[in-house]
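Residue numbers (this note's numbering), protein chains in the order written: chain A, 327 to 474; chain V, 261 to 369.
Quick notes on the structure that follows.
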């Protein structure tokens with residue numbers, strides 16, 4: 327079972343670093359990552375009040391959602407998604423998944439990315455004035471997903 | 261999820277066309293040698309699949325949009341109901357089609 331949290335204890339610093347910056351799957355989406363960096367700046371890990379958050383090298387205010395594997399002791403960090411609000415849409419800026427949860431990983435059948443999208447839809451629905459979720463797909467194409 | 265009054269009941273061929281149209285849309289963004297096959301047997305995740313996580317999200321969202329347009333039905337395919345199934349509805353094009361038929365065929369009351 328995975329759980330979503332907007333908070334992450336600083337003891338996960340190394341895990342988050344590994345997931346964000348040393349992720350073997352990143353090579354497959356390198357053009358998308360470069361586009362995101364160009365537009366929003368490089369992500370960096372910040373520690374605020376003993377909690378971790380992801381900040382960007384630009385003035386864009388972002389939110390972070392962490393995904394933890396809760397069916398194991400120690401709740402392993404398996405995913406992170408960084409998003410921001412742009413007018414009436416929530417834009418997904420960065421997503422990083424643990425290798426096991428990638429499309430051809432051992433836990434691919436748990437469909438973590440689809441679960442993340444479902445969770446973000448719920449988040450978006452709770453925000454007044456937000457009607458969609460925006461994902462950047464291959465070739466930089468923006469895909470708007472209605473949430474209401 | 262409800263069908264609008266003007267929408268007719270779903271037909272397997274039409275649902276398949278909507279899924280295949282979503283695959284076409286996906287293929288536009290992929291290289292010529294990485295095209296996703298339009299077949300009921302096409303695997304949508306796992307070791308035998310050529311579809312990555314982002315592609316799968318893209319595909320599901322396109323199918324949802326296609327269903328909304330054709331049947332006037334606001335269908336959410338990727339939700340807890342689908343995730344909690346023992347056998348994932350997103351395993352293949354065939355299982356996705358069967359799942360959509362099931363959702364659209366449900367009594368809205």
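Each residue gets a CB set at the ideal place from its N, CA and C atoms; glycine is no exception.
Just checking: is the beta-carbon of residue i within a distance shorter than 8 Å of some beta-carbon in chain V?
i, result
"residue 450 of chain A", "no"
"residue 461 of chain A", "yes"
"residue 329 of chain A", "no"
"residue 380 of chain A", "no"
"residue 469 of chain A", "yes"
Would you verify that the beta carbon of residue i is, or is not, closer than 8 Å to some beta carbon of chain A?
i, result
"residue 227 of chain V", "An answer regarding residue 227 of chain V cannot be provided, because it is not within the stretch 261 to 369 covered by chain V."
"residue 344 of chain V", "no"
"residue 331 of chain V", "no"
"residue 321 of chain V", "yes"
"residue 281 of chain V", "no"
"residue 289 of chain V", "yes"
"residue 379 of chain V", "With chain V covering only 261 through 369, there is no way to say anything about residue 379 of chain V."
"residue 348 of chain V", "yes"
May I have the straight-line CA-CA distance separating residue i from residue j, to the nearest angstrom?
i, j, result
"residue 362 of chain V", "residue 319 of chain V", "19 Å"
"residue 425 of chain A", "residue 341 of chain V", "25 Å"
"residue 352 of chain A", "residue 337 of chain V", "27 Å"
"residue 280 of chain V", "residue 472 of chain A", "21 Å"
"residue 432 of chain A", "residue 307 of chain V", "9 Å"
"residue 302 of chain V", "residue 336 of chain A", "42 Å"
"residue 326 of chain V", "residue 373 of chain A", "43 Å"
"residue 444 of chain A", "residue 293 of chain V", "31 Å"
"residue 376 of chain A", "residue 394 of chain A", "18 Å"
"residue 381 of chain A", "residue 343 of chain A", "13 Å"
"residue 364 of chain V", "residue 359 of chain A", "37 Å"
"residue 417 of chain A", "residue 439 of chain A", "15 Å"
"residue 344 of chain V", "residue 384 of chain A", "39 Å"
"residue 378 of chain A", "residue 363 of chain A", "20 Å"
"residue 463 of chain A", "residue 366 of chain V", "32 Å"
"residue 290 of chain V", "residue 400 of chain A", "39 Å"
"residue 322 of chain V", "residue 421 of chain A", "20 Å"
"residue 351 of chain V", "residue 349 of chain A", "25 Å"
"residue 413 of chain A", "residue 324 of chain V", "23 Å"
Quick check on residue i: does DSSP put it in helix, strand or coil?
i, result
"residue 303 of chain V", "strand"
"residue 435 of chain A", "helix"
"residue 274 of chain V", "helix"
"residue 385 of chain A", "coil"
"residue 349 of chain V", "coil"
"residue 285 of chain V", "helix"
"residue 374 of chain A", "strand"
"residue 424 of chain A", "coil"
"residue 337 of chain A", "helix"
"residue 337 of chain V", "coil"
"residue 365 of chain V", "helix"
"residue 343 of chain V", "helix"
"residue 405 of chain A", "strand"
"residue 279 of chain V", "helix"
May I ask whether a heavy atom of the ligand SAM can be found less than 7 Å away from the beta carbon of residue i?
i, result
"residue 306 of chain V", "No copy of the ligand SAM appears in this structure; indeed no ligand is present at all."
(request) Taking only beta carbons into account, state which residues of the segment 425 to 456 of chain A come closer than 7 Å to chain V, listed in chain order. (result) 428, 429, 430, 434, 435, 437, 439, 440, 441, 443 and 444
(request) Note down, in chain order, all residues in the segment 299 to 318 of chain V with a beta-carbon under 7 Å from any beta-carbon belonging to chain A. (result) 305, 306, 307, 309, 311, 312, 313, 314, 316, 317 and 318
(request) Please name the residues in the segment 396 to 422 of chain A whose beta-carbon is closer than 7 Å to at least one beta-carbon of chain V, in chain order. (result) none
(message) Three or more C-beta pairs under 8 Å: does that hold for the segment 403 to 410 of chain A against the segment 289 to 304 of chain V?
(response) no
(message) Below 8 Å, how does it come out for the segment 302 to 312 of chain V and the segment 446 to 462 of chain A: are there three or more Cβ pairs, yes or no?
(response) no
(request) Please determine if the segment 373 to 391 of chain A and the segment 272 to 287 of chain V are in contact, where contact requires at least 3 C-beta pairs separated by less than 8 Å. (result) no
(request) Examine the Cβ distances between the segment 443 to 454 of chain A and the segment 366 to 378 of chain A and report whether three or more of them are shorter than 8 Å. (result) no
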